[in-house]
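Chemist:
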Amino acid sequence: MMEMEPQARSTLDPFEIARAVADTVRAVPEIADLGSGRYSEAATYGPSGRVHGVVVREEPTGLLIEIHVVARYNADVDLERIAGRVRERTKEALARHAVSARVDVFIEDIV
């Protein structure tokens, strides 16, 4: 059974969180781009637009962030390792903003 870590409420709004996450994920070398969602649009909406590829929402257990990515292909591509790196970098970036969240990574394609 997976243990859930206690999650504090953020003072940042979901749109600001999504922008910070998108910037962080784009800096991961194995990521070519953010994805758009497989069956419905994966985005967070705010007053000045939307952030594609990142969904931020409050759940009963705390903040949930879904990250949809397109990975770069190489001969020894390891999707589990890539997802882990995206998750780790995202959690580090969130911690700098005093935000705690569950982070789910969806690799939609490899290019």
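Counting in this note's numbering, the sequence shown runs from 50 upward without gaps. Cβ atoms here follow ideal geometry from the backbone N, Cα and C, with glycine treated the same way.
#1: With which residues is residue 117 paired in a DSSP beta bridge?
#2: Leaving out the 5 sequence neighbours to the left and right, which residues in its chain are closer than 6 Å to residue 115 when beta-carbon positions are compared?
#3: Between which two residues does the beta strand (DSSP E) containing residue 106 stretch?
#4: With contact counted as at least three CB pairs below 8 Å, one residue from each stretch, are the segment 128-138 and the segment 72-83 in contact?
#5: To the nearest angstrom, how far is it from the Cα of residue 146 to the Cα of residue 138?
#6: Report the CB separation of residue 113 from residue 150 in whole angstroms; it is logged as a contact under 8 Å.
#7: Which term fits residue 141, buried or exposed, when burial requires 16 or more other beta carbons within 10 angstroms of its beta carbon?
Modeler: The relevant details are as follows:
#1: As computed with DSSP, residue 117 is found in a beta bridge with 155.
#2: Hits under 6 Å: 104 and 153.
#3: Where residue 106 is concerned, the enclosing beta strand (DSSP E) stretches over 103-108.
#4: Yes, the segment 128-138 touches the segment 72-83.
#5: The C-alpha of residue 138 is placed about 13 Å away from the C-alpha of residue 146.
#6: At roughly 6 Å, the Cβ-Cβ gap stays under 8 Å, so residue 113 and residue 150 are in contact.
#7: Result: exposed.
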